[in-house]
Amino acid sequence: MAENSPIPTYIVVIFIISPLISTIGNSKPCSVPLSHYNKFPALDIAGKLLADPESLTSASTDFGHIVKENPIAVLYPSSTQDILSLIKEAYNSSVPFGIAARGNGHSTRGQAMAHVGVVVEMSALKNHQNGSRVAISGDNFSGFYADVGGEQLWIDVLKATLEHGLTPVSFTDYLYLTVGGTLSNAGISGQAFRYGPQIANVYEMDVVTGKGELMTCSANKNSDLFYGVLGGLGQFGIITRARIALETAPKRVKWVRMLYSNFSTFTKDQEYLISFNGRRQTEALNYLEGLLLNHRGSPNNWRSSFFPSSDHSRIISKVTKHGIIYCLEVAKYYDDHTKNTVDKELQQLIKDLSYLPGLRFEKDVSYIEFLNRVRSGELKLQSQGLWDVPHPWLNLFVPKSRIADFNNGVFKKIVLERNITTGPVLIYPMNRNKWDDRMSTVIPEEDVFYTVGFLHSSGFDNWEDFDEQNNEIFKFCNDAGIKIKQYLAHHTTKAGWINHFGSKWRTFKERKAQFDPKKILSPGQRIFNNNI
Ligand code: FAD
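One gets my numbering by counting positions in the sequence shown from 1 and adding 206 to each.
Written out as structure tokens, the structure is:
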């Protein structure tokens with residue numbers, strides 16, 4: 207951030223007298239009364255609202271580098287109270303303005319932006335409030351939990367809990383994401399088949415609603431808000447604290463990858479392994495994912511460097527032979543008590559799998575090294591200037607009953623024919639019964655469903671080629687009647703969102719009317735503020 211430049215009164219006035227296109231409600235152009243905005247500098251937060259170029263530029267971009275929306279100001283809150291003041295101001299105003307919490311800005315389609323509104327830079331909370339904003343409580347009898355600020359990065363939550371020998375149970379592949387950001391989506395990774403997504407491991411939250419009220423919510427208290435906010439795409443409130451379930455942390459991880467040329471064998475083995483999913487089931491795996499390897503990328507990519515270079519040529523020859531091969535990735539955690547049994551338990555689980563003979567690879571790494579496996583790839587790309595590039599990602603949930611059709615129509619046809627996919631492509635199944643249908647996230651209506659993630663990186667001049675491929679995939683699924691749902695969804699029309707939420711739309715809309723009736727929050731999702 208540039209050396210402190212709180213918005214001076216005259217800048218506020220300039221912003222305000224220019225007729226603004228409101229993104230709120232009916233999206234008609236409107237002149238914002240000067241008198242209203244003159245009140246801003248009088249607010250206790252005036253000194254924390256900045257409009258210097260650096261703040262505005264940072265808040266108008268994200269990891270996607272595809273959408274750009276300029277806010278009029280950025281709030282750097284030093285307390286929850288600051289967020290309350292801002293939202294109250296917007297709510298009580300005759301011309302409400304949009305407000306978006308920005309976690310780490312790792313959305314790909316402008317979801318944390320606020321066109322001519324105010325972006326709340328959540329990371330500012332870290333620097334102000336006392337302590338680390340990760341507080342651990344509980345006991346062996348009733349269990350442990352961490353109260354964490356919504357702005358906290360999962361890597362910091364993990365490090366703080368590990369100091370107590372504890373850990374959250376469900377993660378994302380990459381840990382430099384915020385608690386508020388992932389809880390607004392779902393938060394998935396290879397642990398989800400057994401422990402559920404991150405949203406299924408939250409006991410309680412403090413949320414500042416779109417009416418400017420600070421509410422504590424849980425399954426038993428203000429439950430509509432609780433279930434609405436989890437997976438709620440930032441539509442109902444800003445999460446300032448979340449109480450996250452913790453368990454005893456393991457020390458190390460047996461990490462295994464196995465290669466397949468046959469898709470149905472690959473998915474059969476994945477589905478077999480996720481059928482062992484009891485939380486207390488000691489023999490079950492702790493993590494399961496899968497990825498697709500094709501000839502355009504190296505066997506290793508930024509998502510994790512796993513295969514030793516001495517094995518690359520063997521792997522590449524299989525890819526060349528089959529066009530696409532599939533990689534099943536599993537992990538089993540262990541500690542001092544289980545170090546003598548872990549190999550046997552793992553062997554028991556994978557002994558009947560049908561991967562290609564000789565193409566099984568193993569690693570033994572520390573727990574944190576495993577969970578933080580994406581970081582080294584990120585740092586490498588950053589040093590090469592290849593991290594801050596467009597990311598036309600596509601993340602889907604696909605029902606199990608149609609995953610073979612998806613493979614034939616998408617991986618074996620569209621992906622091979624277009625021949626542009628280089629980035630990691632993830633594919634792994636999850637169990638629906640580990641999700642709570644009262645939460646806002648939408649998933650397919652089958653007991654088992656897959657997540658498929660095309661994590662493309664592109665140049666600034668060719669990201670549209672990837673979006674064309676994404677559109678072809680949508681069209682194929684639509685024509686073939688494959689009832690996919692987008693994860694980290696991006697829809698450009700209201701009809702698209704209504705279709706996305708399906709039977710959940712009514713509740714979603716009612717919760718919006720209840721907690722953010724003036725449609726102030728997270729306008730960048732374009733659900734209720736759609737200009738189209
Ligand atoms: P932002 O992008 O800043 O915000 C996302 C949305 O949440 C916005 O609408 C914003 O307004 C809202 N929001 C932010 N903070 C709050 C808050 N405190 N209260 C209420 N609303 C808030 N996702 C997975 O599930 N699994 C993965 O394995 C995974 N891997 C990823 C790897 C990389 C490299 C990247 C870039 C993303 C990955 N994601 C993954 C996606 C990630 O979950 C989303 O980008 C998510 O939005 C979190 O990012 P963020 O914390 O930067 O939130």
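Even glycine gets a Cβ: it sits at the ideal position worked out from N, Cα and C.
Only a predicted model underlies this, so the values are computations on that prediction, with no experimental measurement involved.
Per-residue burial, residue 635 [other beta carbons within 10 Å of its own, 16 or more giving buried]:
buried
To test your reading of the DSSP string, which unbroken beta strand (DSSP E) runs of 3 or more residues are found completely within the segment 629 to 708?
631 to 637 and 654 to 660
With a floor of 4 residues, list each alpha helix (DSSP H) that falls wholly inside the segment 454 to 531, ordered by position along the chain.
The segment 454 to 531 contains these whole alpha helix (DSSP H) runs: 469 to 480 and 518 to 528.
Near residue 659, which residues of its chain fall below 6 Å by C-beta distance, leaving aside the five closest residues on each side in sequence?
601 and 632
Best match in 647, 569, 358 and 679 for proximity to residue 435 [C-alpha to C-alpha]:
647
Assuming residue 334 contacts residue 285 under a Cβ cut-off of 8 Å, what Cβ separation, rounded to an integer in Å, is found between them?
7 Å
Segment limits, alpha helix (DSSP H) that includes residue 614:
Where residue 614 is concerned, there is no enclosing alpha helix (DSSP H), given that its DSSP letter is neither H nor E.
Using the rule of at least 16 other Cβ atoms within 10 Å of the residue's Cβ for burial, across every protein chain shown, is residue 592 buried or exposed?
exposed
Below 7 Å, is the gap between the Cβ of residue 440 and the nearest heavy atom of ligand 1?
yes
Have a look at 523, 460 and 404 and flag the residue whose alpha-carbon is nearest the alpha-carbon of residue 556.
Per the Cα distances, 460.
With DSSP as the reference, label residue 230 as helix, strand or coil.
At residue 230, the pLDDT of 31 sits below 50, so the modelled position is not reliable; the number obtained from the coordinates is stated separately. Reduced to three states, the DSSP call for residue 230 is coil.
Per DSSP, what are the beta-bridge partners of residue 342 in this structure?
DSSP lists 352 as partners of residue 342.
Would you call the segment 417 to 426 and the segment 365 to 377 in contact, with 3 or more CB pairs under 8 Å?
no
Do the segment 442 to 457 and the segment 371 to 382 make contact, defined as three or more Cβ pairs closer than 8 Å?
yes
To the nearest angstrom, how far is it from the Cα of residue 410 to the Cα of residue 432?
8 Å
Where does residue 362 fall in DSSP's three states?
Helix at residue 362.
Residue 320: which of 719, 590, 341 and 265 sits nearest, CA to CA?
265
If you reduce the DSSP assignment to three classes, tell me which class residue 265 lands in.
Residue state, collapsed to three classes: helix.
Can you tell me which residues form a DSSP beta bridge with residue 281?
255 and 326
Identify the continuous alpha helix (DSSP H) that holds residue 291 and give its terminal residues.
Note, residue 291: alpha helix (DSSP H), 286 to 298.
Kindly examine ligand 1 and report whether one of its heavy atoms sits closer than 7 Å to the Cβ of residue 312.
yes
Excluding the 5 residues preceding and the 5 following residue 169 in the sequence, name in chain order all residues of the same chain whose CB lies nearer than 7 Å to its CB.
With the chain represented from 207 up to 738, any question about residue 169 goes unanswered, as that position is not in the structure.
Among the candidates 521, 526 and 570, whose CA atom is the shortest distance from the CA of residue 545?
570
Is the distance from the Cβ of residue 328 to the Cβ of residue 263 below 8 Å?
no
Drop a sphere of 10 angstroms on the beta-carbon of residue 514, count the other beta-carbons inside from all chains shown, and report buried for 16 or more, exposed for fewer.
exposed
Between residue 619 and residue 313, what straight-line distance do the alpha-carbon atoms span, to the nearest angstrom?
Approximately 28 Å, taken between the alpha carbons.
Taking 7 Å as the cut-off, does the CB of residue 388 come closer than this to any heavy atom belonging to ligand 1?
yes
Could you give the C-beta distance for residue 323 and residue 278, rounded to a whole number, given that I count them as a contact under 8 Å?
The C-beta distance from residue 323 to residue 278 rounds to 7 Å, short enough to fall under 8 Å.
I believe residue 354 touches residue 447 by the beta-carbon criterion, under 8 Å. Please report the beta-carbon distance rounded to the nearest angstrom.
7 Å
Three Cβ pairs or more, each shorter than 8 Å: is that satisfied between the segment 483 to 490 and the segment 392 to 406?
yes
Extent of the continuous alpha helix (DSSP H) run through residue 382:
Element bounds for residue 382: n/a, residue is neither H nor E.
As assigned by DSSP and simplified to three states, the class of residue 333
helix
Could you pull the start and end residues of the beta strand (DSSP E) that residue 422 belongs to?
Where residue 422 is concerned, the enclosing beta strand (DSSP E) stretches over 420 to 424.
Within the same chain, show all residues whose beta-carbon is closer than 7 Å to that of residue 165, passing over the 5 residues directly before and after it, in chain order.
Summary: the structure shown does not reach residue 165, with the chain confined to residues 207 through 738, and so no result is reported for it.
Under a Cβ-count criterion, where at least 16 other Cβ atoms within 10 Å of its own Cβ denotes burial, should residue 657 be classed as buried or exposed?
buried
Could you tell me whether the Cβ atoms of residue 582 and residue 629 are closer together than 8 Å?
No.
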